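In what follows, a single structure is set out as structure tokens and then discussed.
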Ligand SMILES: NC(=O)c1ccc[n+]([C@@H]2O[C@H](COP(=O)([O-])OP(=O)(O)OC[C@H]3O[C@@H](n4cnc5c(N)ncnc54)[C@H](OP(=O)(O)O)[C@@H]3O)[C@@H](O)[C@H]2O)c1
């Protein structure tokens, strides 16, 4: 996809992967709207490029998502919807880790993209557009320390494949970005033995994949996870989950 002159919406664009993708798109000539819950973070992130603006939007709040959609449509519409917002909870299933947090994780990571697509797709079908769902290499092999998170990413992978099949032949293409471990606030507490890809490297791989029309972009170790879950599923599960509990 040629991104010059396109209008992009990046959920969770105030930090980490969303921010570097927003910056890479802005540098390639896109007009970018970043969203998230924390306004101060969004203001700071939007100030890094002239063509990035921001809107506070919690992907779990349908009324706010609809208001965002209406604002974006009034401004000319969305050509590129990047469903990136996410949280990850690592917890011991025998602990008293809150049920509310587990269910909220599903609402953000799984229902969030569904909610965004539900409300943005009708407008996007009127133009050449793309939906990008940011899942994870963990869509292929679950990480037992993050049980709900791993489930949401497998869900997002299956949802994205189904969306792509149904939208074949329309003006909307569907892309999945499956990052490996990337050095962002989300993984700050993760064991240092997990190697982390620099966020800028991930953004560069994403832009390259988008330009080439790659439908499943699997940078770094995500590509190995994809191969290994077919070649040796038990082995790769064991390797990833040597330490089953956080
Ligand atoms: N880092 C990794 O190793 C890695 C690997 C594979 C996949 N991913 C995926 O990449 C995406 C981005 O993660 P990241 O590593 O960049 O983490 P991050 O730096 O923690 O960024 C997540 C962003 O999502 C926003 N967010 C969280 N809940 C939200 C909600 N309800 N509504 C709107 N925005 C919300 C956060 O902002 P607020 O809290 O201010 O809302 C934050 O800006 C996630 O989907 C994650 O699962 C990350």
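Numbering (the numbering used here), first residue to last: 12 to 257. Virtual Cβ for every residue (Gly too), placed ideally from N, Cα, C. Just so you know, these numbers come straight off a predicted model, no measurement behind them.
Counting only runs of 4+ residues fully inside the region 103-134, write out the alpha helix (DSSP H) ranges in chain order. Runs found: 110-117.
Closer than 8 Å by C-beta to residue 52: which residues in its own chain qualify, once you throw out the five before and the five after it? Chain order, please. Along the chain shown, one-based indexing puts residue 52 at 41. Cβ within range, chain order: 25 and 26.
On a CA-only basis, which of 158, 179 and 251 is nearest residue 204? Give me that one, please. Start at 1 with the first residue of the chain shown, and residue 204 comes out as number 193. The shortest Cα separation from residue 204 among 158, 179 and 251 belongs to 251.
Proximity test, residue 41 beta-carbon vs ligand 1 heavy atom, cut-off 7 Å: Mapped onto the chain shown, residue 41 falls at position 30. Checking every heavy atom of ligand 1 against the Cβ of residue 41, none is found closer than 7 Å.
Out of 190, 216 and 220, state which residue places its alpha-carbon closest to the alpha-carbon of residue 206. What you label residue 206 is simply residue 195 of the chain shown in a count that begins at 1. Comparing C-alpha distances from residue 206 to each of 190, 216 and 220 shows the shortest one belongs to 190.
Alpha carbon to alpha carbon, what distance is there between residue 156 and residue 162? For the purposes of this step, residue 162 is taken as the residue at position 151 of the chain shown. For the purposes of this step, residue 156 is taken as the residue at position 145 of the chain shown. Answer to the nearest angstrom: the Cα atoms are 12 Å apart.
Using a 10 Å radius around the Cβ and a threshold of 16 neighbouring Cβ atoms, would you call residue 246 buried or exposed? As a working mapping, residue 246 is identified with position 235 in the chain shown. Classification for residue 246: exposed.
Would you give the residue range spanned by the alpha helix (DSSP H) that residue 249 belongs to? By 1-based counting over the chain shown, the position of residue 249 is 238. That run of the alpha helix (DSSP H) goes 244-251.
Along the chain, where does the alpha helix (DSSP H) that runs through residue 167 open and close? Sequence index remark: in the chain shown, residue 167 carries index 156 (1-based). For residue 167, the enclosing alpha helix (DSSP H) starts and ends at 158-178.
Exposure of residue 107, with buried meaning 16 or more beta-carbon neighbours within 10 Å: Stepping through the chain shown from its first residue, residue 107 is reached at position 96. Exposed is the label assigned to residue 107, since fewer than 16 other Cβ atoms lie within 10 Å of its Cβ.
Would residue 43 pass as a contact of residue 58 if the rule is Cβ separation under 8 Å? For this step, residue 43 is matched to residue 32 along the chain shown. For this step, residue 58 is matched to residue 47 along the chain shown. No, Cβ-Cβ distance for residue 43 and residue 58 is not below 8 Å.
Give a yes or no on whether the C-beta atoms belonging to residue 45 and residue 145 are separated by under 8 Å. To locate residue 45, count along the chain shown from 1; it is residue 34. To locate residue 145, count along the chain shown from 1; it is residue 134. No; because the gap between Cβ atoms is not below 8 Å, this pair is not in contact.
So, with DSSP's three-state summary, where would you put residue 152? Within the chain shown, numbered from 1, the residue matching residue 152 stands at position 141. In the structure shown, residue 152 sits in coil (DSSP, three-state: anything other than H, G, I, E or B).
Hey, quick one: how far does the beta strand (DSSP E) through residue 187 stretch, first residue to last? What you label residue 187 is simply residue 176 of the chain shown in a count that begins at 1. Its beta strand (DSSP E) spans residues 183-188.
Suppose contacts are defined by Cβ-Cβ distances below 8 Å. Is residue 187 in contact with residue 226 by that definition? Locating residue 187 in the chain shown gives position 176, counting from the first residue. Locating residue 226 in the chain shown gives position 215, counting from the first residue. Remark: C-beta atoms of residue 187 and residue 226 approach each other more closely than 8 Å.
Locate the alpha helix (DSSP H) running through residue 51, then write down its first and last residues. Translated into the one-based positions of the chain shown, residue 51 becomes position 40. The continuous alpha helix (DSSP H) containing residue 51 extends over residues 50-57.
Less than 8 Å separating the beta-carbons of residue 91 and residue 140? What you label residue 91 is simply residue 80 of the chain shown in a count that begins at 1. What you label residue 140 is simply residue 129 of the chain shown in a count that begins at 1. At a Cβ-Cβ threshold of 8 Å, residue 91 and residue 140 count as neighbours.
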